[in-house]
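Residue numbers (this note's numbering), protein chains in the order written: chain Z, 1476 to 1722; chain R, 1476 to 1722. For every residue, glycine included, the Cβ atom is placed at its ideal position computed from N, Cα and C. See below for the structure under consideration.
There are 2 protein chains.
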Amino acid sequence: MTELLSPEALEYALRRIGEERYHNRHPFHKLLHGGKLEFGQVQAWALNRYVYQAAIPRKDAALMANLEDREIRREWIGRIHDHDGLGPDQGGIERWLKLTDGLGLDRAYVMSQQGALPATKFAVEAYVRFAGSRPTLEAIASSLTELFAPAIHAERIAGMLENYSFIDESLVAYFRKRLDQAPRDCRFALAYVKQHARTYEQQKAVIDALVFKTDVLWAQLDSLYFAYVEPALPPPDAFVPAAHPGK
Amino acid sequence: MTELLSPEALEYALRRIGEERYHNRHPFHKLLHGGKLEFGQVQAWALNRYVYQAAIPRKDAALMANLEDREIRREWIGRIHDHDGLGPDQGGIERWLKLTDGLGLDRAYVMSQQGALPATKFAVEAYVRFAGSRPTLEAIASSLTELFAPAIHAERIAGMLENYSFIDESLVAYFRKRLDQAPRDCRFALAYVKQHARTYEQQKAVIDALVFKTDVLWAQLDSLYFAYVEPALPPPDAFVPAAHPGK
């Protein structure tokens, strides 16, 4: 961008970032959704993605620690409820663990994060720190990958159910739930950003924040691809898939 | 303390801190509860204390940003619900604003915090930062002034209703509610601290954290006393009570 945008033009610019940089375009996801991965590679993906899922409530709490407006906190806290659960609902992290359970991964091992790739942890912690240290406008903007998430979730549900015998409906509960949650959340975040990014510098910062977030997601798949697809060299202590009869 | 304590002895040491340093012992509170303050001085107290109330959810979010254990987050988030409200419940901050409303203070002025004492804001922000930057054990320990809060709330309710014609039941709703909430919260926090402070260094850090918190509360009353009781010199831009027919 080179000049101040209207709110609508800003939304268009943000959506363009998704078209160019969202991780649905990453070769790892094309393999995953197209049924081209072995069982152990899907395990590695779910194990590493757990690190991200588990950190989201901390990311949202870090953002909330800077939110002086009670009404916005009352809105934003719903994201923590979504992932940690509230009352009887056990939330999205528990649904993710249902996926890793179903993939035959030991739950304590998954939760320990000991087998996750260091690059995954670095990317995730960068996101948590971003949310807690940047201005609220940028922290909120970094959540806007949710604009692009429903399409990838729908593609993932269909692709994984169709292509992998070891994936059934119970394992994709996380993604089904996100089909409802993510659009609700990103409507608020998008409206906030369109309303509050009123200078060129703010709009530039908002765009950079979303680019940063797409980098956080993309970098996780780069490291997964390197470790488990090609050249398939997991670093020391990282998860190593056991031999498995097939997909 | 000079040696490792049993969990019970640690609890005793923590309770002793309350007996020696909790702000119920501060001369400002003795004046407040004893009916010795003018209307404008009670206004100044409620206006400044709002700064503290409004920051508590940010403090708890800052603490939660470091909580890696989902079960503990699911417990701790209840504190944010208490103060911000959840769903139809508008929470403790709104109940505090009912008090400042009832004391004739303009709500937008109160919420702007423009009339609050700088020393109040500094103390409150020190608490928010402490909760977000210290180890979780210390951050949780700093909440333990709740062990001592029910007594001061009960004393405050009785003393203010009895002594001030401008205080009625509707204005003390915040304190009535805290009579239930604070004991529930501090049971969890006390059990956590007793379980996790297992070295001398940890126990010392826990005790220091609670002392720090009593300092945060005490410092607010020192500055109130200076500004509005004796010598009664509010700093530039601070709230100045209007003349009022009496208490």
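Query                                                                                                                                                                         : Result
For residue 1510(R) and residue 1637(R), I'd like the C-alpha separation in whole angstroms.                                                                                  : 8 Å
Does the beta-carbon distance from residue 1713(R) to residue 1590(R) come in below 7 Å?                                                                                      : yes
Does the beta-carbon distance from residue 1671(Z) to residue 1619(Z) come in below 7 Å?                                                                                      : no
Name, please, each residue of chain Z whose Cβ falls closer than 9 Å to the Cβ of residue 1488(R).                                                                            : In chain order: nothing, as chain Z lies at least about 30 Å away.
Could you tell me the boundaries of the alpha helix (DSSP H) in which residue 1557(R) lies?                                                                                   : 1545 to 1559
Would you please state the rounded distance, in angstroms, between the beta carbons of residue 1694(R) and residue 1609(R)? I believe it to be under 8 Å.                     : Not really, about 18 Å apart at Cβ, beyond 8 Å.
Could you name the residues of chain R that residue 1545(Z) contacts, counting a contact when the two beta carbons are closer than 7 Å?                                       : 1559 and 1568
When burial is assigned at 16 or more other CB atoms within 10 Å of the CB, is residue 1587(R) buried or exposed?                                                             : exposed
Helix, strand or coil: which one does DSSP assign to residue 1485(Z)?                                                                                                         : helix
Would you say residue 1548(R) reaches chain Z, if we count a Cβ-Cβ gap shorter than 7 Å as a contact?                                                                         : yes
Spatial neighbours of residue 1651(Z) within its chain, please: CB distance less than 7 Å, with the 5 preceding and 5 following residues excluded, ordered by chain position. : 1632
Tell me which residue opens and which closes the alpha helix (DSSP H) that residue 1516(R) is part of.                                                                        : 1514 to 1539
If you measure between the beta carbons of residue 1628(R) and residue 1653(R), is that distance less than 7 Å?                                                               : yes
My output table needs one value for residue 1497(R): the three-state DSSP class, helix, strand or coil.                                                                       : coil
How many angstroms separate the CA atom of residue 1665(R) from the CA atom of residue 1658(R)?                                                                               : 10 Å
Against chain Z, does residue 1539(R) count as a neighbour if the rule is that its beta carbon must be under 7 Å from one of theirs?                                          : yes
In chain Z, which residues lie less than 9 Å from residue 1533(R) when you measure between Cβ atoms?                                                                          : 1539, 1540, 1541, 1542, 1543 and 1548
Going along the region 1670 to 1690 of chain Z in order, which residues come within less than 8 Å of chain R, judged by CB to CB distance?                                    : none
Scan the region 1587 to 1618 of chain Z for residues whose Cβ lies nearer than 8 Å to a Cβ of chain R and list them as they occur along the chain.                            : 1603 and 1607
Could you check which residue in 1634(Z), 1660(Z), 1679(Z) and 1689(Z) has the C-alpha nearest to that of residue 1453(Z)?                                                    : The question about residue 1453(Z) has no answer, for chain Z in this structure spans 1476 to 1722.
Name the chain R residues whose beta carbon is nearer than 7 Å to that of residue 1536(Z)?                                                                                    : 1536, 1539 and 1540
Residues of chain Z with CB under 9 Å from residue 1552(R), in chain order?                                                                                                   : 1532, 1536, 1552, 1555, 1556, 1559 and 1561
Residues in the same chain with beta-carbon distance under 8 Å from residue 1530(Z), minus the five sequence neighbours each way, listed in chain order, please.              : 1599, 1600, 1602 and 1603
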